[in-house]
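*Asks:*
Numbering (the working numbering), first residue to last: 813 to 964.
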């Protein structure tokens with residue numbers, strides 16, 4: 813899974829919203845943390861809103877908040893929302909020349925990758941957003957978060 817996959821971006825966004833509590837956060841603030849364009853953040857938020865994971869508040873003082881408690885949001889559910897279910901492991905592109913060895917290697921690896929994806933989804937389904945953010949010190953601000961160690 814590449815660092816800035818759709819899942820990574822969505823989880824980063826949700827972790828910021830969780831630590832903000834009921835205080836709305838605008839997409840520009842989250843985009844600054846991810847060093848990306850706010851449009852990237854808003855696209856991700858739109859899908860999460862359609863799934864009922866986040867809510868938006870318009871007007872002065874508006875922004876984004878979690879639509880339900882972090883303990884009710886599994887990482888697997890987020891993975892499904894962003895469309896990465898079954899796509900977490902790398903895939904090998906077919907050889908354009910139609911090499912038989914290439915085809916045999918891909919068939920073998922595709923089975924392993926499917927098993928790995930199923931195991932990873934099972935693990936993601938068992939972890940909630942609250943679990944992900946639980947090890948963050950309450951004294952730390954989101955700008956100074958350390959690498960999360962909840963699954964090591």
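Note that CB positions come from ideal geometry on N, CA and C, so glycine has one too.
Smallest Cα separation from residue 945: which of 850, 833 and 817?
*Replies:* Measuring from the Cα of residue 945, the nearest candidate turns out to be 833.
*Asks:* Are the CB atoms of residue 836 and residue 871 within a distance shorter than 8 Å?
*Replies:* For residue 871 and residue 836, no; Cβs fall outside 8 Å.
*Asks:* Is the beta carbon of residue 819 closer than 8 Å to that of residue 917?
*Replies:* No. Outside cutoff.
*Asks:* Does DSSP classify residue 938 as helix, strand or coil?
*Replies:* The answer is coil: DSSP assigns residue 938 none of H, G, I, E or B.
*Asks:* Tell me the residue span of the beta strand (DSSP E) that contains residue 817.
*Replies:* No beta strand (DSSP E) contains residue 817, which DSSP labels as neither H nor E.
*Asks:* Quick check: the segment 923–943 against the segment 880–889, are there 3 or more CB pairs under 8 Å?
*Replies:* Yes: at least three Cβ pairs fall under 8 Å.
*Asks:* Over what stretch of residues does the beta strand (DSSP E) that includes residue 868 continue unbroken?
*Replies:* Unbroken beta strand (DSSP E) run through residue 868: 866–869.
*Asks:* State buried or exposed for residue 963, treating a residue as buried only when at least 16 other CB atoms are found within 10 Å of its CB.
*Replies:* Its pLDDT being 36, under 50, residue 963 is placed unreliably by the model, and nothing is read from it.
*Asks:* Within 10 Å of its beta-carbon, does residue 857 have 16 or more other beta-carbons around it, so buried, or fewer, so exposed?
*Replies:* Classification of residue 857: buried, given that the 10 Å Cβ count is 16 or more.
*Asks:* Leaving out five residues before and five after residue 861 in sequence, what residues of the same chain have Cβ atoms less than 7 Å from its Cβ?
*Replies:* Here the set comprises 867 and 868.
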